[in-house]
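Residue numbers (UniProt numbering): 1 to 526. Reading through the structure tokens given below for one structure.
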């Protein structure tokens, strides 16, 4: 009788707690995705460079290339680390509000500013808004349990890509069919970013974060991937029952035992894993070339063909292809421990070839096509690199690893800007920058990989029959493929030798000896 009374009391109070919580996080995710869509609605962004070069603003190409755009990279590098830490400390929402305010300031300065210093200030706030993107990508994980991470990550990324696609199409339609001026297009963008800023104030406050507010149970600290072992965070965090070796009240001791510092130390250990190191190096160098192209490609288009501006349509096409390539990458199943270097080398060589064509052609449609393909190749490898880096790490270490890779890539972008773009450096024209920046990045990758794989490099140098694919190794694309293929061949050879020696240690197995003999025969034929 008592049981029935309690059941009646529970039913009178409404739906179960689990159902209420499920509805709550679903609406929170839907609202956050809507915010991501609206914050990406900036139809004037694709036409910002033509607007600066128009008679209304009257800036020269040299000013835009060598004095205005480089400020974006410098400011991004300066604020990335503080914003990365504040994002977690303040629990995401304040940083998203700062991003909305930065968007508002950017378009106000763009519409009202007239001097070179004001445009540089606009690029400074652009760097802040780019650094604040980490808050959006991390925020959604604080709303759901680890089992839903992969699904909600797809939702958030799709909403942003859909917003960029819609924004680019809208901007191109306004310019091509509506005969709307760049000034009016940026006024429309100001309205969208103002609405996005208001939405940021309505976002719910998350109850936890990664490093500084770890209010979660033991299950939430388990890796999201199935079959995961004990998380690195559990191994690093000292047990509360154990007395500390130093004074318990010492602030220095507490600082050393903090989760964040312990995770920084753990990053130094996990980065020794060859696969993790390989994809991190690719992330740093390839993202450097990718964003340098994104920053300067609009100036290149204006130089090749200034009469007609199709920036919005090209950005929409490249965004659509990027989304398709990202989706396709999720279904690629290969043995990554063997084919990672080959895939990176081939795709990087293709990107280098596309940029070589883009920087030398005078046909605007060839420029458009190579840019779309270039972005598609990059977006194809990004999900693969993300999975390869994140598969063996906890969510906390994964976020920290991506933050470090992004920061190192930003430093590299700043160095390239200072050398090639800045007026205090070489101040190259845009054609030279499109070729030099990415090709130099490729050469750096080619020279850096053997430093991290000395055993493989020694084997390659001793190899009597390298297979040359290009007549000149000075060409960046050719040297990338040449080095990758030779190193991949050496990698297979080393693995076959290792397998042969380990299999021979097992006695009384005739079949094993035959397999070892076939391995050695295959190696001799390579």
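Quick reminder that beta carbons are idealized off the backbone N, C-alpha and C, glycines included.
- Residues near residue 414 in its chain [Cβ-Cβ closer than 7 Å; skip 5 each side]: 73, 74 and 77
- Query: Thinking C-beta only, is residue 364 closer than 8 Å to residue 305?
  - Reply: yes
- 7 Å CB neighbourhood of residue 70 in its chain, flanking five on each side removed: 417, 421 and 422
- Task: Would you kindly work out how many angstroms separate the C-alpha atoms of residue 33 and residue 424, rounded to a whole number?
- Result: 42 Å
- Query: Taking the alpha-carbon positions, what's the residue 342 to residue 291 distance?
  - Reply: 23 Å
- Kindly list the residues whose CB is nearer than 6 Å to the CB of residue 499, restricted to its own chain and excluding five residues on each side of it in sequence; keep chain order. Bear in mind that the predicted position of residue 499 carries a pLDDT of just 40, short of 50, making it unreliable; the figure below should be weighed with that in mind. If we look at residue 499 and ignore the five residues flanking it on each side, it has no Cβ neighbours.
- Would you check if there are 3 or more beta carbon pairs closer than 8 Å linking the stretch 87-95 to the stretch 55-65? no
- Task: Identify, in the order they occur along the chain, each residue of the same chain with its Cβ nearer than 8 Å to the Cβ of residue 43, setting aside the five sequence neighbours on each side.
- Result: 167, 168, 170, 171, 174, 185, 188, 189, 192 and 312
- From residue 128 to residue 376, what does the alpha carbon distance come to, in whole angstroms? 26 Å
- Message: Taking the alpha helix (DSSP H) that residue 315 belongs to, which residues open and close that run?
- Response: 311-329
- Message: Quick check: the stretch 92-102 against the stretch 118-135, are at least 3 beta-carbon pairs closer than 8 Å?
- Response: yes
- Task: Please report the residue range of the alpha helix (DSSP H) in which residue 575 lies.
- Result: No information on residue 575 is available, as it lies outside the stretch 1 to 526 that the chain covers here.
- Message: Suppose you measure from the CA of residue 389 to the CA of residue 276; what does that come to, to the nearest Å?
- Response: 5 Å
- Whose C-beta lies closer than 8 Å to the C-beta of residue 284 among residues of the same chain, with five residues either side of it excluded? 405, 408, 409 and 412
- Closest residue to residue 28 among 55, 161, 144 and 58 (Cα-Cα distance): 144
- Query: Excluding the five sequence neighbours on either side, which residues of its own chain have a C-beta within less than 8 Å of the C-beta of residue 340, listed in chain order?
  - Reply: 275, 278, 279 and 388
- Exposed unless 16 or more other CB atoms sit within 10 angstroms - verdict on residue 334: exposed
- Message: As a quick exercise: from 320, 180 and 141, pick the residue whose alpha carbon is nearest that of residue 165.
- Response: 320
- Just how far apart, CA to CA, sit residue 383 and residue 326? 6 Å
- Query: On the premise that residue 206 lies in contact with residue 139, defined as a C-beta separation below 8 Å, what is that separation, rounded to the nearest angstrom?
  - Reply: 7 Å
- Pairwise C-alpha distance: residue 300 and residue 56: 20 Å
- C-beta contact flag for residue 39 and residue 196 at 8 Å: yes
- Express the C-alpha separation of residue 199 and residue 35 in angstroms, rounding to a whole number. 6 Å
- Item | Sequence-distant residues of its chain with Cβ nearer than 8 Å to residue 194 (five each side left out) | 104
- Pairwise C-alpha distance: residue 303 and residue 61: 9 Å
- Item | Under the three-state DSSP convention, the category residue 372 falls into | helix
- Query: What's the C-alpha gap between residue 350 and residue 329?
  - Reply: 17 Å
- When burial is assigned at 16 or more other CB atoms within 10 Å of the CB, is residue 109 buried or exposed? buried
- Query: When the distance is taken between beta carbons, is residue 132 closer than 8 Å to residue 96?
  - Reply: yes
- Item | Distance between residue 51 and residue 265 (C-alpha atoms, nearest Å) | 47 Å
- Query: Where residue 141 and residue 182 are concerned, what is the direct C-alpha to C-alpha distance, given to the nearest angstrom?
  - Reply: 38 Å
- Query: Is residue 271 buried or exposed, if buried means 16 or more other CB atoms sit within 10 Å of its CB?
  - Reply: exposed
- From residue 317 to residue 378, what distance separates their C-alpha atoms? 15 Å
- Among 119, 293, 160 and 268, which residue has its Cα nearest to the Cα of residue 371? 293
- Could you tell me the boundaries of the alpha helix (DSSP H) in which residue 123 lies? 116-131
- By DSSP, does residue 332 sit in helix, in strand, or in coil? coil
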